[in-house]
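Enquirer: For reference, the structure I am asking about is given below.
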Amino acid sequence: MNPPGISSSPLLNPTALPLRSVSTIAGSALVVAPHPDDETLGCGGAIALLRASGYSVHILVISDGTLSHPRSLKYPAPRLQALREAETLAALSVLGVSPTEATFLRLKDGSVPADVSNGFQAAITHCLACLNTRMPNTLFLPWRADPHPDHRATWQIVRAAVDNLTYSPRILEYPIWDWDLKQQGELANFEQVVGWRLDIEAVLETKQQAIAAYRSQTTNLIDDDPDGFQLTPEMLANFARPWEMYLENVQ
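Take 602 as the starting number for the sequence shown in my numbering and just add one per residue.
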C-alpha cells in the first residue's frame, strides 16, 4: 500500500516503490513532452504497452528542440527542428504510434512560457484544444518540479488547460532530469504525491530502439557544435530499466 506521501525523493530508492502492470493505466492517453525525446525517455514503455493493448495514444511535443545544438552551422534551427521532428516520428513508429497521432506545438526551446509570461495563455489555448479533441483517460506530464525550466513550464501550461476541461483525466507525472540527483536542488516536493513503477520489461527492447531513433541526441551526428547537447551513457541508463516511475497526487 502506498504511503500517504513521499517526504524524500523516491528516486533515491525507486525499487522500493510498488510495481504495477499496464492494466493500471488501461485506456486512451495523451503524453506531453517538453522536448522531442522526453516522451520516449520517460514514457516509451507505457506508450508501447498501451498501443500493444489497442489503446489510442497521442503525443503533444511542446518545444521545437532547437537549443540542443545552437552553434551548429550544418544544422541551423529550421533544419534541426525538422530533424528532431523526424526523429520523433521514427521513435513513435517503433512504439506503435502513427504520425497522425503526433502534434508539434513548436514553442522556442529554452523559452517555454511559464505562469503569466508572454505566450502562456496562447500555449494553454493550444493544449486545451488538443485535450478537448482527444479526451484522454490518462494524461502524462513531466514532473512538476523537474530541474529543467521547460519541463516545469510545460506542467504549468497543461495543468492550467486541465482546469478548463469539463472532465478530470488521470494525471501521471514522469521524471526526466530528476534522475540526475545533482540537479534536483530544492524544487522537488514529494510530499504531495505517491509514486509507483510500471512494469515495462516486455517492451524494454522496443523502448531502447525508439530512444536510438534520436540520433541527434545520442550520437555525434551533429559534430560541428562543441557545446552541443548529448545524452550521456549515465543519463541514458536511467531509461534502460525494466520499469518506468510515475508520480501522481495524493488522493
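Just so it is clear, CB atoms sit at the ideal spot from N, CA and C, and this is done for glycine as well.
Remember, it's a predicted structure, so these values are computed and weren't measured experimentally.
Around the Cβ of residue 672, are there at least 16 other Cβ atoms within 10 angstroms (buried) or fewer (exposed)?
Expert: exposed
Enquirer: Can you say whether residue 669 is buried or exposed, counting buried as having 16 or more other CB atoms within 10 angstroms of its CB?
Expert: The residue is buried, with at least 16 neighbouring Cβ atoms inside 10 Å.
Enquirer: Going by the C-beta, is residue 639 closer than 7 Å to any heavy atom of the ligand HEM?
Expert: Ligands displayed in this structure: none; no statement on the ligand HEM is therefore possible.
Enquirer: Given this structure, state the Cα-to-Cα distance separating residue 710 from residue 755, to the nearest angstrom.
Expert: 11 Å
Enquirer: CB-CB under 6 Å to residue 854, same chain, minus the five flanking residues each way: which ones, in chain order?
Expert: Outside the displayed span of the chain (602 to 852) sits residue 854, for which this structure offers no information.
Enquirer: What three-state label does DSSP hand residue 826 in the structure shown?
Expert: It is coil, neither helix nor strand.
Enquirer: When the Cα atoms are used, what is the spatial distance from residue 766 to residue 627?
Expert: 21 Å
Enquirer: Around the C-beta of residue 676, are 16 or more other C-beta atoms found within 10 angstroms, so that it is buried, or is it exposed?
Expert: buried
Enquirer: Please look up how many angstroms separate the CB atoms of residue 800 and residue 844, rounded, as I've assumed it's under 8 Å.
Expert: Contact flag correct, Cβ pair sits at about 6 Å.
Enquirer: Residue 763: which of 782, 727 and 775 sits nearest, CA to CA?
Expert: Of the listed residues, the one whose Cα sits closest to residue 763 is 727.
Enquirer: With respect to the beta strand (DSSP E) encompassing residue 630, which residues constitute its N-terminal and C-terminal limits?
Expert: 630-634
Enquirer: How long is the line joining the alpha carbons of residue 693 and residue 617, rounded to whole angstroms?
Expert: 30 Å
Enquirer: Tell me the rounded alpha-carbon separation between residue 830 and residue 631.
Expert: The C-alpha of residue 830 lies about 27 Å from the C-alpha of residue 631.
Enquirer: Opposite residue 743 in the DSSP bridges: which residues?
Expert: 775
Enquirer: For residue 814, which residues of its own chain have a beta-carbon under 6 Å away from its beta-carbon, when the five flanking residues on both sides are left out?
Expert: 688, 691 and 692
Enquirer: Which of the three DSSP states is assigned to residue 733 in this structure?
Expert: helix
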